[in-house]
Amino acid sequence: MVSHGVVSFVVNGSPYCKTGMHVAFSERVTSLKRARTVNYVKCFTIILCVIIALPTSASDDLWIARLDSETTGISVDDPLAISKLSRQVRRIEQRDGQFTHSLYQPLRQLGILQAKTDPEAAIDSFRRMQNLVHRHFGVLSDVQFESVDLLIGTYIRNGNLIKADTQQEFRFRVAKDAFEPSTKEYHYAGLKLADWYRNTMRYSLAGDLYEDAAAHFASRGSKDQVRVLRAQALNEYLSGQCCAESKLSDALNIASASGVSEGTELLDLKKDVIDMRYLMSEGQQTALNDDHPLDLPAALLGYAGPRSFHAVNFEQHIGKVSPWTTVMLFEKEEPAFGAPKEAKPIAVGSPIPFCTSTYDSLVRNGDSYHLDIAVNVDAMGRPSTVSVEGDAPIGLVRLVKNSLREVVYRPAIEAGTAVDDGVVSFTQTFDAMSASFSSQNRVETWNRQLVAQSCQLVASYI
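In my numbering, the protein residues as written are 826 to 1287.
Put into structure tokens, the structure is as follows:
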């Protein structure tokens, strides 16, 4: 996923703005030539939105490549698009030189298409884009955010998290050079790095950046405040800290008072506050009551925190892990001999996820199972009776039953009050779990990230 932006430049002495990164790189160079006597920084400003989730597919960027077709004349659906773009790049080089701004869009379209089949070639194309920015705007120009984001996404999809980490921190270094700490652009960049730190289990580093952003946005707009508070809540939930529920409650109060969040958005935030109360308090808190009390069915919320997951899944405790080592956990491993093995997903299962290694130890290779489950939940969110049906190995059934006793449930809620007759029914599957996470997701899905990160630790340290 690549951030959208707002590009500001000067035409005939008047400010003019276009939204979206589809604004041609050549337009920016042309605009720069029109205003040679004006400082680069004052004439050209990029305001980038925050990337919250890790990119999962090269197709996330395909819309950009489609827009580039208007300039290159080459459709992304053309099976020969990559070879045609490569020839176009060579022709432009021969005609205008290796550093002409007219190379930018063909290289961008080429790199996005290459990312699907040849990540190393895509990285070369994105680096050439970045180099063009360096030549025309300077080594620390914020114009390179686009090429850096494309590099980050490609490194992540290719399993090279060490290089992705380097680019993430370089991106924030560029932001610190380009923007004053008093600007929202500076803190948007900090939030992007904070989300990255959180997703790579460096919760303390993430927390510091979230605190900086929270202080900046404290009186500057409710949407940014809510975004930061949700990010802080997820960070505290994943790290097993105390105050995730209070962060969500603050977000709800801000959203309710501002009137900006309405309808489904506000309702989902209310549900998230309730769900986090049950996750954090193990059923000792009543449901949220206000002028419009909710009616909610019983629901499975997942593990209350890392310790809860470890208690049911592992016999050994995970020791302290250094921040840099946690990034190493994500680096793709290559065998000493032969071709690299296809990487397995770190976790499987829905709605209750498990470590892939745990699942593989309990089933025969290649077998696939599902279980039909029903759980009666009382007003405190405690499971009373549990029914598990399905043809699966006894060890797998036992693991699922143990998990059903350990996870947290939201009881059924009628007119804002929890009742005893809640039932949670679902089919437990064991397919690969998605690895894309965001604080914008509902609290009931945050459990997926907690399990995925716990399984990363287990894979390397147990």
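Backbone N, C-alpha and C fix where the C-beta goes; we use that ideal spot for every residue, glycine too.
None of the values given here were measured: they were computed from a predicted structure.
With fewer than 16 other Cβ atoms from the protein chains shown falling within 10 Å of its own Cβ, A1043 counts as exposed. The alpha carbon of D1216 has as its nearest neighbour, out of A1257, L1091, Q1066 and S1193, the alpha carbon of S1193.
Counting other Cβ atoms within 10 Å of its Cβ, V1225 reaches 16 or more and is therefore classed as buried. Where F951 is concerned, the enclosing alpha helix (DSSP H) starts and stops at P944 to F962.
Nearest Cα to V1276 within the set A1129, A1204, L1016 and V1098: A1129.
In this structure, the beta-carbon distance from L976 to I948 falls below 8 Å. Judged by beta-carbon spacing, V973 lies beyond the 8 Å limit of R953, meaning their Cβ atoms are not closer than that value. CA-CA distance, S1212 to M1258, rounds to 24 Å. Ranked by Cα distance from Y1035, the options P1176, R1023 and R960 are led by R1023.
When only Cα atoms are considered, G922 and F1179 end up about 54 Å apart.
Residue environment for F951: buried (at least 16 other C-beta atoms within 10 angstroms of its C-beta). Between E1269 and G1065, the CB-CB gap reaches or exceeds 8 Å.
In the structure shown, I1079 falls within a helical segment according to DSSP collapsed to helix, strand and coil. According to the DSSP secondary-structure assignment, R891 is paired through a beta bridge with no residue. With three or more CB-CB distances shorter than 8 Å, the region 1190-1209 counts as touching the region 1239-1256. The three-state reading of DSSP puts C1180 in strand, counting E and B together. Contact annotation: M1026 and Q1265 have beta-carbon atoms that are not nearer than 8 Å. Annotation: the continuous alpha helix (DSSP H) that includes V1098 extends over T1089 to S1106.
Sequence-distant partners of L1229 (beyond 5 residues in either direction) whose C-beta falls short of 8 Å from its own C-beta, in its chain, are I1177, I1198, V1200, P1208, V1211 and V1213. Bridge pairing for D1245: absent [DSSP]. Shortest Cα-Cα distance from D885 to any of F924, I907, R982 and K909 involves R982.
If you look at D1002, you'll find it isn't in any beta strand (DSSP E); it sits in the alpha helix (DSSP H) that goes L986 to A1003.
Contact between R933 and D893 is confirmed by a C-beta separation of about 6 Å, below the 8 Å threshold.
Distance from the CA of I1099 to the CA of L1282, rounded to the nearest whole angstrom, comes to 29 Å. In the three-state scheme derived from DSSP, where H, G and I count as helix and E and B as strand, T925 is classed as coil.
C-alpha of C1280 to C-alpha of D1185: approximately 13 Å in a straight line. Here P1236 is buried: its Cβ has 16 or more other Cβ atoms, across all protein chains shown, within 10 Å.
A straight-line Cα-Cα distance of about 15 Å links Y1103 and V1249. L905 is positioned such that its CB atom lies no closer than 8 Å to that of P931.
A distance below 8 Å between beta-carbons, with the five flanking residues on each side excluded, links S1106 to the following residues of its chain, in chain order: E1070. Sixteen is the threshold: when 16 or more other Cβ atoms of the shown chains lie within 10 Å of the Cβ of F1255, as they do, the residue is buried. In this chain, L905 is not harboured by any alpha helix (DSSP H), its DSSP state being neither H nor E.
Around the C-beta of H1195, fewer than 16 other C-beta atoms lie within 10 Å, and the residue is accordingly described as exposed.
N1272 counts as buried, since no fewer than 16 other beta carbons sit within 10 angstroms of its beta carbon. Excluding sequence positions up to five before and after S900, its CB lies within less than 7 Å of the CB of S894 and A906, all in the same chain and listed in chain order. Ranked by how close their Cα comes to the Cα of V1232, the residues P1170, S1133, I1219 and T1252 have S1133 in first place.
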